[in-house]
Amino acid sequence: MTDISALISQIAGIRHGFGSKRALIPEVLAEFEPTRPQKKQVHGTRIVDISHPAQPCGEADGFYTSQPGILLTVFSADCLPLIFSRQDGRRVGVVHAGWRGLKAGIIEKMAERIHQDGIVEDWLVSIGPAARACCYEVSQELVDEFLRDVDLPPALISPSPRHLDLAAIAQAKLERLGFAAIDHAGGCTICSTVQDGSFKYTSFRRNSHQRAKDPTHPGISGRNQQSGIIILPE
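Per the numbering used here, residue 16 is the first one in the sequence shown, and the count goes up by one each step.
Take a look at the structure:
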């Protein structure tokens, strides 16, 4: 089943969803896939305005539109996909935010774009499936970088030794910026399973652990899940 946001589901005239290993693009969005922008995600902070279907965007990790009928998506494995919608459903956005993008300020860049023609207080945000603090172990050097560069409580950034809580960091940033409401959809991409015991999401981190134990374990190139939103054409 596709993960969806309880908040954004309340908005009329849009469709959204977060992908999984079994449905790399949510079924409700698949018919619109040919309209999605063409891009190369680079863990940066560039936000692109989308005005027409299949728009070439170059290197970018955030997308914004007021145009109906254009699917905005981001690819992710263990990074955060964030879906944004104005409460009237007339403007939407998506962001791909790993630790690099979070630290560099991609959420703040999306807020700046929103402020060009409105206020963030009119917007809802959903934080999708990603590596959670339960599993996202990193180097102490990276934790120290976050503690130095990101002005948030240390226990929020790293609730246990050498673990980062990307979703909590994103939520705290969104709250500080003044977004109307935020929710979380889906679970940890590293450890979440479905009823048959198989993993629910694609995970580069989990895959690298498996390949370290068994070099013959298959890779997952090209198997990123997509998360996205579209203003439905009238």
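Ideal placement from N, C-alpha and C gives every residue a C-beta, glycine not left out. Predicted, not measured: the structure shown is a model, and the values here were computed from it.
Exposed unless 16 or more other CB atoms sit within 10 angstroms - verdict on residue i
{"i": "L247", "result": "exposed"}
{"i": "V89", "result": "buried"}
{"i": "D76", "result": "buried"}
{"i": "Q186", "result": "buried"}
{"i": "A170", "result": "exposed"}
{"i": "P168", "result": "exposed"}
{"i": "A21", "result": "exposed"}
{"i": "S213", "result": "exposed"}
{"i": "S66", "result": "exposed"}
{"i": "S218", "result": "buried"}
{"i": "D180", "result": "buried"}
Contacting residues, own chain, Cβ-Cβ under 7 Å from residue i (five flanking each side not counted)
{"i": "C206", "result": "C149 and C150"}
{"i": "I129", "result": "V135 and W138"}
{"i": "G34", "result": "I40, P41, Q240, Q241 and S242"}
{"i": "Q155", "result": "R177"}
{"i": "R115", "result": "H58"}
Pair within 8 Å by beta-carbon distance, residue i and residue j
{"i": "I245", "j": "R30", "result": "yes"}
{"i": "V153", "j": "L192", "result": "no"}
{"i": "H111", "j": "S91", "result": "yes"}
{"i": "K118", "j": "V165", "result": "yes"}
{"i": "L97", "j": "V109", "result": "yes"}
{"i": "R147", "j": "A200", "result": "no"}
{"i": "R220", "j": "D18", "result": "no"}
{"i": "S175", "j": "V158", "result": "no"}
{"i": "S144", "j": "T204", "result": "Looking at the sequence provided, one finds Pro at residue 144 rather than Ser. Against a cut-off of 8 Å, the Cβ pair of T204 and P144 comes out as a contact."}
Sequence-distant residues of the same chain with beta carbon closer than 8 Å to residue i, five excluded per side
{"i": "G104", "result": "I26, A27, G28, I29 and I246"}
{"i": "I184", "result": "L117, F161, V165, L167, L171 and I172"}
{"i": "G84", "result": "F47, T50, P68, I245, I246, L247 and P248"}
Span of the beta strand (DSSP E), counted from its first residue to its last, around residue i
{"i": "P96", "result": "L95 to R101"}
{"i": "D64", "result": "I62 to D64"}
{"i": "D8", "result": "This structure leaves residue 8 out entirely; the chain is present only between 16 and 249."}
{"i": "S242", "result": "Q240 to I246"}
Contact set for residue i: own chain, Cβ-Cβ below 6 Å, skip 5 residues either direction
{"i": "P71", "result": "Q53"}
{"i": "G59", "result": "D76"}
{"i": "D293", "result": "Any answer about residue 293 is impossible in this case: the structure gives the chain only from 16 up to 249."}
{"i": "E74", "result": "K55 and V57"}
{"i": "R106", "result": "S81"}
{"i": "A196", "result": "L22 and L139"}
{"i": "F194", "result": "V135, W138 and V140"}
{"i": "K188", "result": "I122"}
{"i": "V209", "result": "K215"}
{"i": "R61", "result": "A75"}
{"i": "V43", "result": "R30 and G32"}
Closer than 7 Å: residue i CB and nearest the ligand SAM heavy atom
{"i": "Q241", "result": "Looking for the ligand SAM in the displayed structure turns up nothing, as the structure carries no ligands at all."}
Range covered by the alpha helix (DSSP H) that runs through residue i
{"i": "I184", "result": "L181 to L192"}
{"i": "I172", "result": "P169 to I172"}
{"i": "Q155", "result": "Q155 to D164"}
Test: residue i CB closer than 8 Å to a CB of chain C
{"i": "P41", "result": "Note that chain C does not occur in the displayed structure, where there is just one protein chain."}
Legend entry - Runs of alpha helix (DSSP H) lying entirely within the region 69-141, each at least 4 residues, in chain order: 114-119 and 121-130
Legend entry - beta strand (DSSP E) segments (min. 3 residues) lying fully within the region 17-56: 29-33 and 53-55
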